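K.L.:
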Amino acid sequence: MRVSPVLIRAAASSPGRARPVTRTLVACRSCLSLVRRLLPATVLLVLSACSLALSPAAASPQERSKGLTLDALLKMEGLGEARFDPTGRWLVFERIRPYDAYPDYSYRTHAFRSSGHQVWRVDLQAGTDPELMPGIDPSAHAWIESFSPDGTRLAVTQYRASRLSLSACEMETGACKAFEPVPRTDWTGEYRPVWVSEDQLVYTALPAGQEMAQASLRAATGAWLTKTWAAAWRGDTVTSDEVRTRPPVTSSESVAGQLVRVDARTGETDIMAEGRFADLRPSPDGTQLAALAVSGPLPLDPGRLQAAIPRRHRLVLFDLEAGTQEQLADGKDFAAYTLAWAPEGDGLLGFAWEDGSGPSSGRFRVIDTATGKLTTYTHSGLDLASERERGFAMRPERAVFLGKDIAIFARPVPTGHESEALFTPKDIGEAGLARSDWYRLSADGTHEALTGDLDHVSGVPLETGRDCFLIQAGQGLYCMGSDRRRKQLISSASGDLRFVPAGSYSTYGALSRPDPGGGALVEASKGEASAAILIGPATRGLPETMSVKSPAKGAAPIAGSLKGAAALFRVGSRAGAELLLVREGADTRGRPLARINDHLQDVAFGTWHSVSYRLEHPGDASVAQDVASCLLLPPNTTEVPLPLIVEVYPGTVPRCEPRTPILSYPNPNSPYLWAGRGYAYARIALPRDYIGTEDGPIAGMDEAVDAGLDALLATGHVDPDKIVLSGFSQGAVSALYVAAHSHRFAAIIARNGWADLTSHYFGPPGIYSILDPDYFGSEFIRYEAGAGSEFSLGGSPFEDPGIFYRNSPVLLAPDINAPVLLMHSDMDSFSMEQFDEMYSALLRAGKDARYVRYWGEGHGPSSPANIRDMWTRFDAFMEDVGVMPAVAGSTPE
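Throughout, this note's numbering is defined as the position within the sequence shown, counted from one, plus 138.
1) For residue 882, I'd like the list of residues in its chain whose CB is within less than 8 angstroms of its CB, leaving aside the five on either flank, ordered along the chain.
2) Could you check if residue 162 is buried or exposed, using at least 16 other CB atoms within 10 Å of its CB as the buried criterion?
3) For residue 907, which residues of its own chain have a beta-carbon under 6 angstroms away from its beta-carbon, when the five flanking residues on both sides are left out?
4) So if DSSP puts residue 305 in a beta bridge, which residue, or which two residues, is it bridged to?
5) Helix, strand or coil, according to DSSP, for residue 895 in the structure here?
6) Between residue 340 and residue 398, which are expected to be in contact by the criterion C-beta below 8 angstroms, what is the C-beta distance as a whole number of angstroms?
7) Going along the chain, which residues of its own chain have a beta-carbon closer than 6 angstroms to the beta-carbon of residue 590, five neighbours each way excluded?
8) Going by C-alpha distance, which of 730, 343, 488 and 818 is nearest residue 744?
9) Can you tell me which residues form a DSSP beta bridge with residue 470?
10) Whole-angstrom Cβ separation of residue 775 and residue 816, contact assumed at under 8 angstroms?
11) Is it right to say residue 664 is buried, meaning 16 or more other beta carbons lie within 10 angstroms of its own, or is it exposed?
12) Could you name the residues of the same chain whose beta carbon sits closer than 6 angstroms to that of residue 299, not counting the 5 residues immediately before and after it, in chain order?
13) Does the Cβ of residue 726 have 16 or more other Cβ atoms within 10 Å, making it buried, or fewer, making it exposed?
14) How far does the alpha helix (DSSP H) with residue 1010 in it reach, from first residue to last?
15) What's the call for residue 231, buried or exposed, on a 16-neighbour Cβ count within 10 Å?
16) I'd like to know whether the C-beta atoms of residue 492 and residue 417 end up nearer to each other than 7 angstroms.
17) Where does residue 384 sit, in a helix, a strand or coil, going by DSSP?
18) In the DSSP assignment, find the unbroken beta strand (DSSP E) run with residue 457 in it and report its ends.
19) Please report the distance separating the alpha-carbon of residue 240 from that of residue 433.
20) Is it buried or exposed for residue 254, if we count other Cβ within 10 angstroms and need 16 for buried?
21) So what does DSSP say about residue 572, is it helix, strand or coil?
22) Once DSSP output is grouped into helix, strand and coil, what is the label at residue 737?
23) Given 8 angstroms as the limit, is there contact between the segment 763-772 and the segment 1005-1013, that is, 3 or more CB pairs closer than that?
24) How many Å lie between residue 735 and residue 607 at the Cα?
25) Can you tell me which of the three DSSP states residue 532 falls into?
26) Just to confirm before moving on: does the CB-CB distance between residue 561 and residue 522 stay below 7 angstroms?
27) Relative to the C-alpha of residue 962, which residue among 791, 893, 1021 and 238 is closest?
28) Among 245, 247, 313 and 804, which has the Cα closest to the Cα of residue 272?
29) Could you tell me the boundaries of the beta strand (DSSP E) in which residue 875 lies?
30) First and last residue of the alpha helix (DSSP H) that includes residue 972?
31) Residue 297: which of 260, 261, 964 and 243 sits nearest, CA to CA?
32) Pick out whichever of 956, 468 and 309 has its Cα sitting closest to the Cα of residue 336.
33) What does DSSP give as the partner residues of residue 420 in its beta bridges?
34) If we require 3 or more residues per run, which beta strand (DSSP E) segments fall completely within the segment 618-654?
35) Assess contact between the segment 938-952 and the segment 870-884, defined as three or more Cβ pairs (one per stretch) separated by less than 8 angstroms. Is contact present?
36) Might you give, ordered along the chain, the residues of its own chain that have their beta carbon closer than 6 angstroms to the beta carbon of residue 408, omitting 5 neighbours on each side?
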């Protein structure tokens, strides 16, 4: 493999957002001599190596001890979401306990990053200190959901004893009232509870018997298996279940569940409808509720590739005063999380397609809620931009009402398709796409570009109202008027603008689909100065704005209130963080509310370096691109060359520039734990287009890894005889595949992945299908999806079994020569049987392998005891294969 000139640049901290870097080229005789020994003479390397090849001064044992340790990591705290109430009086924020102080570690398939939260409140009117919300169980995990319209109550989700609950807390008294039944939630926003008045919440509830399964899949499954096994062993109870490909009852009917309305004042519960309902949308006046009734899984079409589990979503309108419901838009299947009300409350907008077709043929539809009349807006000549392009679901970006028309975010169709209305599947960050713009689309199909003269136009409407909707572009913030006028609200002269999304327990913040009427928060940064721009609701005319200056360099706003004339900033140090409240006209230094992770301030995390090189396409050497892999050097190191951990994951395009804080949550897989043990660590660039060939989606990964290793070795910091290949999740199958095609590694670590593509395709998704048989067949999507999957093969093993065999590490076991450490868990979403197969394959092939199984764990260990055991086993494995000398306490029990 030819390697082009290598450029190396140092960064002070961990991979983060790309920033301009000045590259200095410096000749280094010692590096060139090393290069001549490692690479062909025809290769020319240009190294900015003085920052890399020259060893730091000798470090004392005390200095060496400042690397990140497991003890320090497990004491990490965190900060979550924050929100002001609509009146500006109250501020609530989530603070995450030290990891080793969690009340339990049973949450979902892993506890770190997603649990341990507690809700704190601050009364801005009284000026009191932050306090835990009094009515919330202090032993529970608790998350912010939403404020009631006037801010007198806060909806909170709690998790305790393997059970989830939804509560409403009185802000004045702190008293909380928990409701039954248990809510259905997920992070996509499809099942958000919604306030329909100051007292009443509506939410989708789980059916009886599934209350524990969602919140703690592991605990629920363990409890059910224990109970069922005991019943079978007693001999007095039938313990069978049945799954059918053709159920006797049509699965187009709504799946089990309930739509529930609860009263936070009286505690009363009203079952509005039976079934599962998604995308709950109250009308502007609160008298109606739109929702999508979700069906069970539909029968699979053997002649059609599966890009999603097929279900139908029917539009239903509830009259909250009369207690009635009616189905609208018969024969239309709607995409969840695309519904929107007209500002006047007389119409609904959503993205839908005809029954029997699919999202690619979808159109935006407007339904008159008084008459039921449906109007289709056909976007001929345009290809709708997908939310998937920025990392989420394969659904179009949200459309908004614009007078009698609608506004959509789209790009022109390719040449030759001018008469077509397209919604083409796209991959995350897909390269080479034409720019997208906002278009005004009329019912007759005519359209006009609204933002063609603007740069870097965002597809996320920040606020919508009767007169305009607010968008962000490179030149600033603009309100796009229904009268065809565009008014600039904020100029980019204020600085670089960044929308700050607000999340909740049921909606991941970065989804960036803000609801109308809630206002918005934008960060404006200019040089070292920054500010929070508070934007009010766009009820009528232009929304009001206010600017609040940042209290410190590097402070970033995370919440704001125009009515409260206040903003909450997060100030990150290298390892810790602080929350500062800044009020307009008050002390600009801000009021400290919380501070975390001071114990990490003296930790030396190491230094990241960007190693740039030219990567050729594995199937066509004439196609190449410049890429960069990231190299982390351990702190205070004096030993060169170093043992190296090489992490692989398909589609990775790493960025090596700094971010603050360096470590944002207690990640047991953190590269800084390797650096703290004296290893160099690398994330190899594996862009999707350069690892896939006609032989398979990762068939060229070994060549891309080899190219990255050549560049890393050229730095002079890596011992070529002590390189360990590591992969987790999708990286595990990748590491095993590469290990069978490249023999440059002293050892292989593969954790919590799969190894046999055929049995993975047909098999269950790990633990999920034990309690919910609807998950059978869900892995079809990974291999059949045309976009959005790193392992798409474009078909099933029925059509081309050979490509499944050739890409399966289990059948490549005879070609793996390095010692292998396999780790898996019995409650993962990837079946542990996959690594049972891999271990047996290595056993039969006569290879050196170790296989560690963690019981009761999900996607990697969550228990502090098991996390410690995992790292003890890493140390012992490295010692055993000769990569690193013995570490005290490295012998596993």
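Every residue, glycine too, gets a C-beta built ideally from N, C-alpha and C. Source: prediction; values computed, not measured.
P.N.:
In brief:
1) Here residue 882 is taken as the residue at index 744 of the sequence shown, counted from 1. Here the set comprises 844, 847, 858 and 861.
2) Translated into the one-based positions of the sequence shown, residue 162 becomes position 24. Low confidence applies here, because residue 162 scores a pLDDT of 29, under 50, leaving its location unreliable; read the following figure in that light. Looking at its Cβ environment, which holds fewer than 16 other Cβ atoms inside 10 Å, residue 162 is exposed.
3) One-based indexing of the sequence shown puts residue 907 at position 769. Around residue 907: 913 and 914.
4) Residue mapping note: residue 305 aligns to position 167 of the sequence shown, counting from 1. BP columns for residue 305 point to 294 and 316.
5) Translated into the one-based positions of the sequence shown, residue 895 becomes position 757. In the structure shown, residue 895 falls within a helical segment according to DSSP collapsed to helix, strand and coil.
6) Taking the sequence shown and counting its residues from 1, the one referred to as residue 340 is at position 202. Taking the sequence shown and counting its residues from 1, the one referred to as residue 398 is at position 260. The C-beta separation of residue 340 from residue 398 comes to about 7 angstroms, placing the pair in contact by the 8 angstroms criterion.
7) Residue 590 sits at position 452 when you count from the first residue of the sequence shown. Counting only Cβ-Cβ distances below 6 angstroms, and skipping sequence neighbours, we find 575.
8) The residue you call residue 744 lines up with position 606 of the sequence shown. Of all alpha-carbon atoms in 730, 343, 488 and 818, the one lying nearest the alpha-carbon of residue 744 is that of 818.
9) Taking the sequence shown and counting its residues from 1, one reaches residue 470 at position 332. The partner list for residue 470 (beta bridge, DSSP) reads 492.
10) On the sequence shown, residue 775 is found 637 positions in, with the first residue counted as 1. On the sequence shown, residue 816 is found 678 positions in, with the first residue counted as 1. Confirmed, about 7 angstroms.
11) Here residue 664 refers to the residue found at position 526 of the sequence shown. Of the other Cβ atoms in all chains shown, fewer than 16 fall within 10 Å of the Cβ of residue 664; this residue is therefore exposed.
12) Residue 299 sits at position 161 when you count from the first residue of the sequence shown. So the list is empty, once near-sequence residues are dropped.
13) Working through the sequence shown from its first residue, we reach residue 726 at position 588. In the assembly as shown, residue 726 is an exposed residue. Its beta-carbon has fewer than 16 other beta-carbons within 10 Å.
14) Along the sequence shown, one-based indexing puts residue 1010 at 872. Here the alpha helix (DSSP H) through residue 1010 covers 1002-1018.
15) The sequence position of residue 231 within the sequence shown is 93, counting from 1. Classification of residue 231: buried, given that the 10 Å Cβ count is 16 or more.
16) By 1-based counting over the sequence shown, the position of residue 492 is 354. By 1-based counting over the sequence shown, the position of residue 417 is 279. Not closer than 7 angstroms, so no.
17) Position 246 of the sequence shown, counting from 1, holds the residue named residue 384. The answer is coil: DSSP assigns residue 384 none of H, G, I, E or B.
18) Here residue 457 refers to the residue found at position 319 of the sequence shown. Taken as a continuous stretch (DSSP letters only), the beta strand (DSSP E) holding residue 457 covers 451-457.
19) Mapped onto the sequence shown, residue 240 falls at position 102. Mapped onto the sequence shown, residue 433 falls at position 295. If you take the alpha carbons of residue 240 and residue 433, they lie about 37 angstroms apart.
20) The sequence position of residue 254 within the sequence shown is 116, counting from 1. Result: buried.
21) For this step, residue 572 is matched to residue 434 along the sequence shown. DSSP, read as helix, strand or coil, puts residue 572 in coil.
22) On the sequence shown, position 599 is the one that residue 737 refers to. Note: residue 737 maps to helix in three-state DSSP.
23) The segment 763-772 and the segment 1005-1013 do not touch, with fewer than 3 CB-CB distances between them shorter than 8 angstroms.
24) Within the sequence shown, residue 735 is the residue found at index 597, counting from 1. Within the sequence shown, residue 607 is the residue found at index 469, counting from 1. Spanning the two alpha carbons is a distance of roughly 41 angstroms.
25) Here the question's residue 532 lines up with position 394 in the sequence shown. Residue state for residue 532 is assigned as coil, using DSSP reduced to three classes.
26) Here residue 561 corresponds to residue number 423 of the sequence shown, with the count starting at 1. Here residue 522 corresponds to residue number 384 of the sequence shown, with the count starting at 1. Yes, the Cβ-Cβ distance between residue 561 and residue 522 is below 7 angstroms.
27) Locating residue 962 in the sequence shown gives position 824, where the first residue counts as 1. If you compare the alpha carbons of 791, 893, 1021 and 238 with that of residue 962, the shortest gap goes to 893.
28) The residue labelled residue 272 in the question sits at position 134 within the sequence shown. If we check each option's Cα against that of residue 272, 313 comes out closest.
29) Indexing the sequence shown from 1 puts residue 875 at position 737. Note, residue 875: premise wrong, no beta strand (DSSP E); alpha helix (DSSP H) at 868-879.
30) For the purposes of this step, residue 972 is identified with residue 834 of the sequence shown, where counting begins at 1. For residue 972, the enclosing alpha helix (DSSP H) has its first and last residue at 971-982.
31) What you label residue 297 is simply residue 159 of the sequence shown in a count that begins at 1. Residue 243 holds the alpha-carbon nearest to the alpha-carbon of residue 297 among 260, 261, 964 and 243.
32) The sequence position of residue 336 within the sequence shown is 198, counting from 1. Ranking 956, 468 and 309 by Cα distance to residue 336 puts 309 first.
33) Residue numbering aside, residue 420 sits at position 282 when the sequence shown is read from its first letter. Listed as beta-bridge partners of residue 420 by DSSP are 427.
34) Qualifying beta strand (DSSP E) stretches, in chain order: 624-629 and 634-637.
35) Note that the segment 938-952 touches the segment 870-884; at least 3 beta-carbon pairs, one per stretch, sit closer than 8 angstroms.
36) What you label residue 408 is simply residue 270 of the sequence shown in a count that begins at 1. Hits under 6 angstroms: 399.
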